[in-house]
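So the protein lines, in turn, are chains A and B.
231 is the number that UniProt numbering gives the last residue of the first sequence; the numbers go up by one with no jumps.
231 is the number that UniProt numbering gives the last residue of the second sequence; the numbers go up by one with no jumps.
Backbone N, C-alpha and C fix where the C-beta goes; we use that ideal spot for every residue, glycine too.
The structure appears below as structure tokens.
2 protein chains.
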Amino acid sequence: MIKALEKDLADNFDIHFNDHALLDEAFTQASYVNEHPNQGLKFYERIEFLGDAVLQIIVSEYLFKRYPDMSQGKLTRLRAAMVCEASFSEFAKECRFDQYIRLGKGEELSGARERSSLLCDIFESFVGALYLDQGRPVVEKFVRTVIFPKLDQGKFDHVIDNKTALQEYLQRHGDVAIEYRLLSEEGPENDITFKVEVIADGKVLATGMGHSKKTAEQDAAKAALSDIRAK
Amino acid sequence: MIKALEKDLADNFDIHFNDHALLDEAFTQASYVNEHPNQGLKFYERIEFLGDAVLQIIVSEYLFKRYPDMSQGKLTRLRAAMVCEASFSEFAKECRFDQYIRLGKGEELSGARERSSLLCDIFESFVGALYLDQGRPVVEKFVRTVIFPKLDQGKFDHVIDNKTALQEYLQRHGDVAIEYRLLSEEGPENDITFKVEVIADGKVLATGMGHSKKTAEQDAAKAALSDIRAK
């Protein structure tokens with residue numbers, strides 16, 4: 001099983017482990033160790049403890065440097081969305097790690113292999129093992145492949161507002177002038193509809209509508225992001 | 001103020017900042033920025049976001065390597081005791097960081113300088129700034145001076161049991177055979193008092209008593225730790 005995993009890692013990520021026992025450990029659950037008591041096996045939990053902190057610092061440092069003007073509050077929300085069970089369990093499946101977990105029979109029958117808490121643990125323990133075996137630069141390369149592209153794909157936009165998300169996206173390579181311009185106010189006084197357009201470096205990206213200027217701007221930013229990502 | 005801080009850092013920790021503005025930022029609260037709106041000041045929160053993750057990884061990696069047989073559960077409890085507001089605010093005071101925080105007048109009057117949440121924030125932001133300015137090895141040296149000695153002094157023993165704490169202490173430089181030997185059982189059947197001694201590499205360290213063997217062993221381990229630390 002570990003041979004197949006090593007082939008997967010080499011083919012997909014150009015990762016080549018030196019310490020095969022460490023990789024074994026990272027993919028072995030306690031239930032499997034309990035069923036094979038005389039093999040001197042270890043389970044992943046300690047390495048997961050380390051991997052969790054490794055992911056925290058790599059994601060934190062990346063966000064801190066990529067978004068030099070983002071507030072601590074937004075940075076914290078973004079990090080929490082990236083470094084969490086829901087995200088890590090998805091990444092584990094994308095990396096096909098679920099196939100390689102060594103589980104006891106009872107755990108297997110109870111569907112543990114599909115359980116997001118286990119998948120999250122395994123993602124963290126893999127990263128912990130990679131860090132111990134190959135050092136931080138190789139982990140960073142892996143994270144740049146697996147996690148960071150999701151930022152540009154808008155996967156974590158829900159935790160920051162659309163205007164912020166659009167600004168962060170447009171300004172990722174440098175300063176871009178972003179402007180929201182009011183186009184019209186229509187309807188009766190107690191039910192006005194505002195229409196705005198969002199303009200980046202003089203180019204109109206999209207328009208948006210809403211019952212306040214603020215919601216119209218958010219709507220325009222959302223439309224602009226969606227257009228950009230459809231391209 | 002920052003000059004005095006820089007002198008303190010140089011004298012006490014042999015730390016010499018390159019980027020003085022970064023150090024300023026790390027010690028400046030939002031309330032101070034608000035009172036000086038035209039000075040282009042920044043407040044510490046973003047750097048604190050980074051510093052928190054830096055401390056997590058350094059403490060995690062240290063515990064992981066120092067205690068190769070400690071379970072994830074105990075590692076996690078120990079890390080939580082070390083990386084928390086109560087600890088960091090103490091460390092901040094020990095480092096005399098409280099003197100150097102730039103606060104707005106209202107915050108000063110309300111006693112913010114003594115508030116443990118602020119002291120904790122400043123400890124983290126200092127570490128974040130140190131990491132950005134000097135890199136991880138210098139932060140590790142600082143943490144080795146300020147945080148890690150507290151482990152040997154027993155500051156965090158309350159989160160792991162005494163037997164574990166004694167074992168971790170005795171085995172910090174290599175394997176030591178630790179044995180608990182029952183010396184006596186005395187008293188009526190429903191109120192037996194057990195007496196045990198704890199032995200390390202053949203040498204009796206201490207004795208302990210309790211109404212079960214387990215509590216007597218914990219008592220002996222506690223006495224041994226207290227003897228060791230009194231020396």
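The alpha helix (DSSP H) runs of length 4 or more contained entirely in the segment 159–192 of chain B are, from start to end of the chain, 162–170. With a threshold of 8 Å between beta carbons, L130/B makes no contact with chain A. Judged by DSSP secondary structure, L5/A falls within the alpha helix (DSSP H) whose first and last residues are 2–13.
Unbroken alpha helix (DSSP H) runs of no fewer than 4 residues, entirely contained in the segment 125–160 of chain A, are found at 136–146, 149–152, following chain order.
In the displayed model, V83/B falls within coil according to three-state DSSP, outside both helix and strand.
At a cut-off of 8 Å between beta carbons, S60/A contacts chain B. F43/A sits close to A30/A, with the two beta carbons spaced by under 8 Å.
The residues V176, A177, in chain order, have a CB closer than 7 Å to that of D201/A in the same chain once the five nearest residues on each side in sequence are set aside. Residue contact check for Q72/B against chain A: a CB pair falls below 8 Å. Proximity to L130/B across I228/B, A223/B, D227/B, D52/B peaks at D52/B, based on C-alpha coordinates. In terms of beta-carbon proximity, V54/B lines the interface with chain A, with at least one pair separated by less than 8 Å. Using a 10 angstroms sphere on the CB of D14/A, the tally of other CB atoms stays under 16, which defines it as exposed.
Around the beta carbon of V204/B, fewer than 16 other beta carbons sit within 10 angstroms, so the residue counts as exposed.
The three-state secondary structure of K195/A, taken from DSSP, is strand.
G208/A carries a strand assignment under DSSP once its states are collapsed to helix, strand and coil. Residues of chain A with a Cβ closer than 7 Å to the Cβ of T76/B are, in chain order, F49. The secondary-structure analysis by DSSP pairs R102/A across a beta bridge with T28/A. Taking F64/A as the centre and dropping the five residues before and after it, the same chain places the C-beta of L75 closer than 8 Å to its C-beta, in chain order. Counting the other Cβ atoms within 10 Å of the Cβ of G208/A gives 16 or more, which makes it buried.
In the structure shown, K231/A falls within a coil segment according to DSSP collapsed to helix, strand and coil.
Between the C-alpha atoms of D219/A and R66/A there is a straight-line separation of about 25 Å. Contact annotation: L22/A and L103/A have beta-carbon atoms that are not nearer than 8 Å.
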